[in-house]
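See below for the structure under consideration.
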Amino acid sequence: MAPAFEFNNALSISLGFNRLTGKIPYQLGSMQKLEKMKLHYNDLTGLIPDSFGNLSSIITFSLSVNNLEGNLPVSLAKLKNLKFLGFGLNKLSGVFPASVFNVSSLVTITLPYNQFYGSLPSDFGFGLPNLQVINLGHNLLSGALPVSLSNASSLAEIDIDGSQFTGKVSIDFGGLPNLWWLVLSSNHLEGDLSFMNSLTRCRLLKMLVLNDNQFEGVLPSAIANLSTELLTLRLGTNKLSGSIPSGIGNLVNLTELQLQTNKFSGSIPNAIGNLGMLRRLNLSENELSGSIPPSLASIPQLYSLHLMKNSLNGTIPPSFGNFQYLQDLDLSQNNLDGTIPESVMRLSSLTISLNLAQNHLSGSLPSNVDALKNLGYLDVVNGGIW
229 MAPAFEFNNA LSISLGFNRL TGKIPYQLGS MQKLEKMKLH YNDLTGLIPD
279 SFGNLSSIIT FSLSVNNLEG NLPVSLAKLK NLKFLGFGLN KLSGVFPASV
329 FNVSSLVTIT LPYNQFYGSL PSDFGFGLPN LQVINLGHNL LSGALPVSLS
379 NASSLAEIDI DGSQFTGKVS IDFGGLPNLW WLVLSSNHLE GDLSFMNSLT
429 RCRLLKMLVL NDNQFEGVLP SAIANLSTEL LTLRLGTNKL SGSIPSGIGN
479 LVNLTELQLQ TNKFSGSIPN AIGNLGMLRR LNLSENELSG SIPPSLASIP
529 QLYSLHLMKN SLNGTIPPSF GNFQYLQDLD LSQNNLDGTI PESVMRLSSL
579 TISLNLAQNH LSGSLPSNVD ALKNLGYLDV VNGGIW
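All residue numbers in the sequence shown are consecutive under my numbering, ending with 614.
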């Protein structure tokens with residue numbers, strides 16, 4: 229990027245989505261009237277100039293999706309008008325300067341897919357009264373999530389996916405009435421889900437993603453009182469146990485429910501059949517028993533159903549033939565018996581997979597199996613099928 233910038237009265241630089249290369253000229257830091265700098269989606273390299281701390285009028289600062297490296301300049305903490313800080317998908321590293329978390333004007337901090345390490349300061353939420361979005365996912369950040377996060381009362385989106393945070397979640401999310409997006413997945417978080425009680429006060433919540441952690445204990449009954457706006461609930465790959473609360477059927481707008489790879493026991497609640505908007509249901513790799521509720525067939529939009537690796541018994545409900553959009557059905561590695569319903573073999577919507585293997589099914593393969601002409605994978609290997 230050429231250093232010949234002498235437009236000291238410019239208010240905006242917008243050069244995103246080009247093929248700019250080289251280092252960012254430090255001279256840009258002299259543009260004290262500049263309000264917007266957008267250099268995202270280029271191939272810029274080198275360090276972020278320390279001189280950028282002199283951009284006293286800057287409001288929007290977007291350098292995402294480049295190859296920038298090195299530390300984040302401490303001088304950025306001087307930018308008292310800054311609202312948008314977007315440096316995601318670079319090669320930035322080092323300890324994130326705590327002083328930046330005291331820039332009270334900030335509305336959006338998005339720094340995912342870098343190599344920042346260290347912990348978040350314990351007073352993190354106190355200096356950010358206007359913060360609405362924070363995305364620090366896919367870094368090397370560690371330590372506990374600061375309880376003070378709940379003091380950033382304007383927060384609407386929190387995403388720390390794919391980091392190394394540890395410990396219990398002790399945040400009172402009820403202090404965040406605008407929260408609609410909460411993604412804490414793929415960390416080392418532990419303890420129970422008692423914090424879910426405070427989430428019942430987040431009436432705008434649409435996305436709750438807690439999978440791939442070390443949460444344990446039972447699903448609190450408070451799950452029944454989460455926002456009916458909730459679209460996605462992912463709790464897979466944890467250490468959760470006990471029964472699945474029937475109150476989960478209150479979440480009538482859910483499109484995705486993932487509880488796989490836990491230690492849930494008992495039967496599948498009939499109330500899941502009330503989730504009429506559900507598209508994906510994954511209860512696989514648990515300790516569920518009893519029969520498969522025929523009520524699941526009343527979920528009209530379902531396109532993926534995974535119940536494999538449980539201890540389910542009884543027959544495959546013939547009502548499963550009523551699915552209109554089901555593309556992927558996996559009931560393998562259970563204790564199902566009886567014959568394969570012909571109605572299942574008429575599911576022309578099945579295009580990805582039908583796996584009924586390693587059960588106790590018997591009888592002959594239904595003669596209408598050729599109706600599954602668009603199916604990508606079929607496995608019905610059982611000892612009693614011929």
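Just so you know, even glycine gets a beta-carbon here, dropped at the ideal spot from N, CA and C. Remember, predicted model here, so these are calculated numbers, not experimental data.
Grouping DSSP H, G and I as helix and E and B as strand, with all else coil, what is residue i?
{"i": "Ser474", "result": "helix"}
{"i": "Lys537", "result": "coil"}
{"i": "Lys396", "result": "strand"}
{"i": "Leu248", "result": "coil"}
{"i": "Phe401", "result": "helix"}
{"i": "Asp598", "result": "helix"}
{"i": "Asp389", "result": "coil"}
{"i": "Asp440", "result": "coil"}
{"i": "Met435", "result": "strand"}
{"i": "Ser590", "result": "strand"}
{"i": "Phe492", "result": "strand"}
For residue i, is the classification buried or exposed, using 16 other Cβ atoms within 10 angstroms of its Cβ as the cut-off for buried?
{"i": "Lys491", "result": "exposed"}
{"i": "Tyr553", "result": "exposed"}
{"i": "Gln486", "result": "buried"}
{"i": "Phe329", "result": "buried"}
{"i": "Glu515", "result": "exposed"}
{"i": "Gly302", "result": "It should be noted that the sequence gives Val, not Gly, for residue 302. Counting Cβ neighbours within 10 Å, Val302 comes out exposed, since fewer than 16 surround it."}
{"i": "Leu291", "result": "buried"}
{"i": "Ser240", "result": "exposed"}
{"i": "Thr489", "result": "buried"}
{"i": "Asn379", "result": "buried"}
{"i": "Gly250", "result": "exposed"}
{"i": "Ala230", "result": "Here the model assigns Ala230 a pLDDT of 48, short of 50, so the residue's position is not dependable and the matter cannot be decided."}
{"i": "Asn223", "result": "Residue 223 is absent from the structure shown; the chain starts at 229 and stops at 614."}
{"i": "Asn342", "result": "buried"}
{"i": "His366", "result": "buried"}
{"i": "Asn295", "result": "exposed"}
{"i": "Phe245", "result": "exposed"}
{"i": "Ser512", "result": "buried"}
Look up residue i in the DSSP assignment and give the residues it is bridged to.
{"i": "Phe354", "result": "Answer is none; Phe354 lacks a bridge partner."}
{"i": "Lys264", "result": "Ser240 and Thr288"}
{"i": "Phe344", "result": "Gly322"}
{"i": "Phe329", "result": "For Phe329, which the question treats as bridged, DSSP gives no partner whatsoever."}
{"i": "Asp420", "result": "Its beta-bridge partners do not exist; DSSP assigns none."}
Taking the Cβ atom as the reference point for each residue, do residue i and residue j lie within a distance shorter than 8 Å?
{"i": "Ser398", "j": "Leu369", "result": "no"}
{"i": "Pro374", "j": "Leu348", "result": "yes"}
{"i": "Leu433", "j": "Glu457", "result": "yes"}
{"i": "Pro522", "j": "Ser493", "result": "no"}
{"i": "Thr465", "j": "Glu484", "result": "no"}
{"i": "Gly316", "j": "Pro340", "result": "yes"}
{"i": "Leu535", "j": "Asp558", "result": "yes"}
{"i": "Leu275", "j": "Leu243", "result": "no"}
{"i": "Leu589", "j": "Leu606", "result": "no"}
{"i": "Glu570", "j": "Asn602", "result": "no"}
{"i": "Cys430", "j": "Pro448", "result": "no"}
{"i": "Leu463", "j": "Asn439", "result": "yes"}
{"i": "Phe393", "j": "Phe423", "result": "no"}
{"i": "Ser495", "j": "Ser517", "result": "yes"}
{"i": "Phe443", "j": "Gly470", "result": "no"}
{"i": "Val572", "j": "Gly604", "result": "no"}
Taking contact to mean at least 3 C-beta pairs separated by less than 8 Å, is the region 300–307 in contact with the region 346–358? no
Are at least three pairs of beta-carbons, each pair with one atom in the region 536–543 and one in the region 560–576, less than 8 Å apart? yes
Any contact of the region 520–534 with the region 468–476, i.e. 3+ C-beta pairs under 8 Å? no
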